[in-house]
């Protein structure tokens, strides 16, 4: 019995020694593991960033747009009457002048009718003359004289109608321009729905563009712009001559139209253009990269580098370009702002400047 108690005591003592050693080892291991982690954490709290030393510079507010070249005038040429085409007097792709006779439909019945009326005209004039002379002698009634004069007036009206109908058989150029490809031949029957050809006025050319609503009051008649056309290594100059009367409620854009002389006919309507309007030059502006701005609750903020830490300051912005934004209030010349890692920044975060521009 005594021997049994001795064995039990030995087992319990051994168990206690094992448990105590395990706890000691575990505590020491945890302490050792935590020490370097805390040290590493301390190092990781310092964020490596890039900075920018604030200085003044020239900033140009430039509005970039895309647009299309349009002809000054363009029309589908059609006859105002029906008939067989008897003349085509133009060459495809040729320049024509306003009033040139381009094509004609058969007018022989109308010409014959005009000859008939003109033959009756002399007789009608003579009748009015005789009736007038007889009326002075009281040989005819006033009613007879008025009847003769009315018949003369009606005959002249009929002659005018026929002449107008003959004019409708002629297709004339409504303005100077370049005529396109012909769609009919002599002998074809023309109606008002048949397009003979297209006439285009290419000098000057118009440029259709759309501008953001914030520039609506700044773009006026006479505003100059420059534009380029793909495939031509040259910059062309145009002038705004009109804009839409309102801003489009759906797109918040306003339609603007400019004119380009195109005196040598080098550019063709329908081409795509990239246009720029220089709004204003600011010689001594404070401008920073757009990525340095951190919007928070409707307020624009910038992080400055002050004594090894990030300090947030509210700023008031001005004009924007493709890569920069003007700062009107909040920064001074000589300040250093942080331009990278802005999403990780917070007030008083320790930072280290790797690159200062």
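Numbering (my numbering), first residue to last: 570 to 926.
Note that the Cβ used here is the ideal one computed from N, Cα and C, for glycine as well.
Bear in mind the structure is a predicted one, so any value in this text is a computation, not a measurement.
Item: Backbone CA spacing between residue 744 and residue 636 [nearest angstrom]; Value: 25 Å
Item: Residue 605 to residue 893 span [Cα, whole Å]; Value: Confidence at residue 605 is low in this model, with a pLDDT of 43, below 50, so its placement is unreliable and the value that follows should be read with caution. Cα to Cα, the separation comes out at about 43 Å.
Item: Every unbroken beta strand (DSSP E) inside the segment 709-768 [3 residues or more]; Value: 739-741 and 746-748
Item: 8 Å Cβ cutoff met for residue 661 and residue 749; Value: yes
Item: Own chain, CB closer than 8 Å to residue 926, minus 5 neighbours either side, in chain order; Value: 619, 620, 621, 622 and 908
Item: Start-to-end residues for the beta strand (DSSP E) that takes in residue 793; Value: 793-798
Item: Own chain partners of residue 704 with C-beta closer than 6 Å, once the 5 adjacent residues on each side are dropped; Value: 714
Item: Distance between residue 913 and residue 928 (C-alpha atoms, nearest Å); Value: There is simply no residue 928 to check, as the chain begins at 570 and stops at 926 in what is shown.
Item: Neighbour-count burial assignment, residue 700, 16 or more Cβ in a 10 Å radius; Value: buried
Item: Backbone CA spacing between residue 668 and residue 651 [nearest angstrom]; Value: 20 Å
Item: One or two residues paired with residue 842 in a DSSP bridge; Value: 636 and 798
Item: Terminal residues of the beta strand (DSSP E) in which residue 784 lies; Value: Neither: residue 784 is in no beta strand (DSSP E) and is coded neither H nor E.
Item: Residue 756 classed as buried or exposed, judged by whether at least 16 other C-beta atoms fall within 10 angstroms; Value: exposed
Item: Rounded separation between residue 830 and residue 732 - CA only; Value: 39 Å
Item: Alpha-carbon spacing of residue 638 relative to residue 801, whole angstroms; Value: 14 Å
Item: As assigned by DSSP and simplified to three states, the class of residue 901; Value: coil
Item: Contact belief for residue 871 with residue 899 at Cβ below 8 Å, rounded distance in angstroms; Value: 7 Å
Item: Cα-Cα separation, residue 681 to residue 643; Value: 35 Å
Item: Completely contained alpha helix (DSSP H) runs for the segment 644-719, where each covers 4 or more residues; Value: 677-705
Item: Nearest-angstrom beta carbon gap, residue 838 and residue 774 [assumed within contact, 8 Å]; Value: 6 Å
Item: Bounding residues of the beta strand (DSSP E) (the contiguous stretch that carries residue 822); Value: 822-829
Item: Nearest-angstrom beta carbon gap, residue 629 and residue 673 [assumed within contact, 8 Å]; Value: The pair is not a contact, with the Cβ atoms about 58 Å apart (cut-off 8 Å).
Item: Residue 741 beta carbon less than 8 Å from that of residue 679; Value: no
Item: Burial state of residue 902 (16 or more Cβ within 10 Å); Value: exposed
Item: CB contact flag (residue 959, residue 788, <8 Å); Value: Residue 959 lies beyond the range of the chain shown here (570 to 926); nothing can be said about it.
Item: Span of the beta strand (DSSP E) around residue 619; Value: 616-622
Item: Neighbourhood of residue 845 by C-beta distance below 8 Å, restricted to the same chain and skipping five residues each side; Value: 631, 632, 633, 634, 794, 795 and 796
Item: Among 799, 689 and 859, the one whose alpha carbon lies nearest that of residue 724; Value: 689
Item: Span separating the alpha-carbon of residue 727 from that of residue 812; Value: 47 Å
Item: CB-CB length for residue 832 against residue 772, believed under 8 Å; Value: 6 Å
Item: Separation of residue 891 from residue 763, as counted between CA atoms; Value: 50 Å
Item: Buried versus exposed call for residue 904 [16 or more other C-beta atoms within 10 Å across all chains shown]; Value: buried
Item: Nearest residue (CA-CA) to residue 863, options 658, 882 and 799; Value: 882
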